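S.K.:
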Amino acid sequence: KQEVTQIPAALSVPEGENLVLNCSFTDSAIYNLQWFRQDPGKGLTSLLLIQSSQREQTSGRLNASLDKSSGRSTLYIAASQPGDSATYLCAVGPSNFGNEKLTFGTGTRLTIIP
Amino acid sequence: DAMVIQNPRYQVTQFGKPVTLSCSQTLNHNVMYWYQQKSSQAPKLLFHYYDKDFNNEADTPDNFQSRRPNTSFCFLDIRSPGLGDAAMYLCATSTTFKGRGVGARFGQGTRLTVV
């Protein structure tokens, strides 16, 4: 059974710093990996999608990497801003079903200090 | 703008009184999912539709049912809500393009309170 872990559970950094969020998964047979952002009381906003054949994806100040063999992904946020404060979740899709049946980590709650 | 819309955003229901949550999408995605997310926990898949085919997770209680009358709409029915069913319910959609998943798109969620 796939398990996804995100450490740390919470992180506070001063505004302007670069930071890295970590995600690890136990079964490397994944189809893709997504990073999501969740604001309090809201749904999930997709940030980046990495297919299993890819090593990284970039969108603006965000860069996500994927190392399937080691079961790890990182989300790099450059020049952090207070508006980046949210919970960040990673989720993996199993190889059998495409991106259905996502398995989520419990997230990292990020606070950017002005 | 193509999107996933959940109604209502907040729902309060009485213990044991049936409740229905709705989800609509303008993305024309063929797969729709319902996830349950309790406070500070990871979203947990309840079931999903692949086109018209319903797929239930093994540990989803019988109290939870779903309907998908057409491509655009999907409903979550909770037949007899208990206090433990209070949670955020998230609807999501996905599809494939040229053999690759395009990633799941989520709605804003429905926060269910059971009193």
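Chains as they are written, first to last, in my numbering: chain A, 4 to 117; chain B, 3 to 117.
Every residue gets a Cβ at the ideal spot worked out from N, C-alpha and C, and that includes glycine.
Values in this document were obtained by computation on a predicted structure and should not be read as measured data.
In chain B, which residues lie less than 9 Å from A/T109 when you measure between Cβ atoms?
M.R.: Here the neighbours are S42, Q43, A44.
S.K.: Note down, in chain order, all residues in the region 77 to 104 of chain B with a beta-carbon under 7 Å from any beta-carbon belonging to chain A.
M.R.: Within the region 77 to 104 of chain B, the residues whose Cβ lies closer than 7 Å to some Cβ of chain A are L92, S96, T98, R102, G103, listed in chain order.
S.K.: Closer than 7 Å by C-beta to A/D42: which residues in its own chain qualify, once you throw out the five before and the five after it? Chain order, please.
M.R.: If we look at A/D42 and ignore the five residues flanking it on each side, its Cβ neighbours are A89.
S.K.: How would you label A/S44, buried or exposed, when you count the other beta carbons within 10 angstroms and need 16 or more for buried?
M.R.: The question names Ser, but residue 44 of chain A is Gly in the sequence shown. Exposed.
S.K.: B/T112 to B/C93, Cα distance in whole Å?
M.R.: Straight-line Cα distance between these residues: approximately 9 Å.
S.K.: By DSSP, does B/G103 sit in helix, in strand, or in coil?
M.R.: Strand.
S.K.: What are the uninterrupted segments assigned as beta strand (DSSP E) that are 3 or more residues long and contained completely in the region 24 to 97 of chain B, given in chain order?
M.R.: If we require 3 residues or more, the beta strand (DSSP E) runs fully inside the region 24 to 97 of chain B come out as 33 to 39, 46 to 52, 55 to 58, 66 to 69, 75 to 80, 89 to 96.
S.K.: Closest by CA to B/S41, which one among B/Y52, B/T62, B/A89, B/F108?
M.R.: For B/S41, the nearest C-alpha among the options comes from B/A89.
S.K.: Comparing alpha-carbon positions, which option in B/P10, B/T62, B/E59 lies nearest B/T115?
M.R.: Measuring from the Cα of B/T115, the nearest candidate turns out to be B/P10.
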